[in-house]
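Participant: With the working numbering applied, the sequence shown corresponds to residues -12 to 244, in that order. One structure is given below, represented as structure tokens, and several questions about it will come after.
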Amino acid sequence: MNRFTGNTAIVTGGAQGIGAAIVLRLARDGARVSFLDIDAARGHALAADLQAQGLDVRFIPADVTIEDDIRRAVESSESVFGPVDILVNNAGRNAYFDAAEMSSADWDSSMALNLKAAWLCAKYVLPSMKLRGGGSIVNISSLHARLTTEGMFPYAAAKAGLTGLTRSLALDYGAFNIRVNAILPGWTRTAAVDDWLSRQPDPAAAERQVIDAQPLRRIASTAEVANVAAFLASDESSAITGAEIAVDCGLGAKYAG
Ligand SMILES: NC(=O)c1ccc[n+]([C@@H]2O[C@H](COP(=O)([O-])OP(=O)(O)OC[C@H]3O[C@@H](n4cnc5c(N)ncnc54)[C@H](O)[C@@H]3O)[C@@H](O)[C@H]2O)c1
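Structure representation (structure tokens):
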């Protein structure tokens, strides 16, 4: 018996990166997993690959900044896999704006994905979790929620908001045995990190500098973040709610205080 046998999960932004690693971890541990993504080609390809491995996964194309897409995706998942026990709000993207130059539309678009989408997805799974006596929501925030670097406006604001949202939902739904926690990844080897490195004048030197700065002298893998997501999704973490867990190779500790 796997730890998620009989459980259904929804993972947003599951077509690649950290989200794909979470889909894989939950499915390998026995969950039926629906994953949502705006990238339909990548999503369908990943679903076909995982299904060929015998895993119970479904890809549902959806833009999580659109409430109707989320409502339809949750309904579609429930119609095949049944009610949702686990929601992982993972979809997100970096932002590199100057506060004086950024347009209002760019602000809204960043907040819609990095903050509002987590609320909207929760909105459509909380009622059935409440009815059924429990559930677990895991929000993939960022170390930027606690500390940040220059030039990443308004990503840090959105991710700090996401940890605030995590705490509020944990308080408001704790009495219904619904746990809500946040993971704060630090540097994690994904396309987003490769994109940031490619923006640096000397990407190889920038990567060496990043690695040297990590107390563990390396950056995390997507699987290492997924392991913590699975822990928070599972009953192994049954007394943990409203928490922020950094998966950052020690970087947050280094700059604390
Ligand atoms: N990679 C890191 O080092 C790192 C560090 C801290 C936090 N994070 C956070 O982890 C999460 C995953 O990051 P990643 O590095 O794997 O990113 P990624 O860019 O590799 O993957 C993000 C996925 O989300 C999907 N997506 C984007 N917009 C969407 C939308 N509107 N609707 C549905 N899907 C959408 C993308 O198509 C993609 O498949 C993000 O929330 C990110 O902020 C990443």
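Where a beta carbon is used, it is the ideal one built from N, C-alpha and C, also for glycine.
Using 8 Å as the cut-off, classify the Cβ of tyrosine 83 as near or not near the heavy atoms of ligand 1, replying yes or no.
Facilitator: For ligand 1, not one heavy atom lies less than 8 Å from the Cβ of tyrosine 83.
Participant: If we count the other Cβ atoms within 10 Å of its Cβ and call it buried at 16 or more, is lysine 241 buried or exposed?
Facilitator: Exposed, since its Cβ has fewer than 16 Cβ neighbours within 10 Å.
Participant: For alanine 192, which of helix, strand or coil comes out of DSSP?
Facilitator: Of the three classes helix, strand and coil, the one that applies to alanine 192 here is helix, per DSSP.
Participant: Take glycine 245 and list the residues in its own chain whose beta-carbon comes closer than 7 Å to its own, dropping the five residues that flank it on each side.
Facilitator: Outside the displayed range of the chain (-12 to 244) lies residue 245, so it cannot be described from this structure.
Participant: By DSSP, does isoleucine 57 sit in helix, in strand, or in coil?
Facilitator: It is helical.
Participant: Three Cβ pairs or more, each shorter than 8 Å: is that satisfied between the segment 1 to 19 and the segment 198 to 217?
Facilitator: Yes, the segment 1 to 19 is in contact with the segment 198 to 217.
Participant: Between the C-alpha atoms of arginine 180 and isoleucine 232, what's the straight-line distance to the nearest angstrom?
Facilitator: In the sequence under discussion, the amino acid at residue 180 is valine, which differs from the arginine named in the question. C-alpha separation (whole angstroms): 20 Å.
Participant: What three-state label does DSSP hand glutamate 137 in the structure shown?
Facilitator: Reduced to three states, the DSSP call for glutamate 137 is coil.
Participant: Nearest-angstrom Cα distance between glycine 244 and aspartate 55?
Facilitator: Note that glycine 244 scores 46 on pLDDT, short of 50, meaning its location in the model is unreliable; the coordinates nonetheless yield the value given after this. Approximately 43 Å, taken between the alpha carbons.
Participant: Just the C-alpha distance for tyrosine 142 and aspartate 36, rounded to the nearest angstrom, thanks.
Facilitator: The straight-line gap from Cα to Cα measures roughly 32 Å.
Participant: Ignoring anything shorter than 4 residues or poking outside the segment 70 to 143, list the alpha helix (DSSP H) runs there in chain order.
Facilitator: Entirely contained in the segment 70 to 143, the alpha helix (DSSP H) runs reaching 4 residues are, in chain order, 91 to 98, 104 to 119.
Participant: For the beta strand (DSSP E) holding arginine 166, just list the boundary residues, first then last.
Facilitator: Its beta strand (DSSP E) spans residues 165 to 172.
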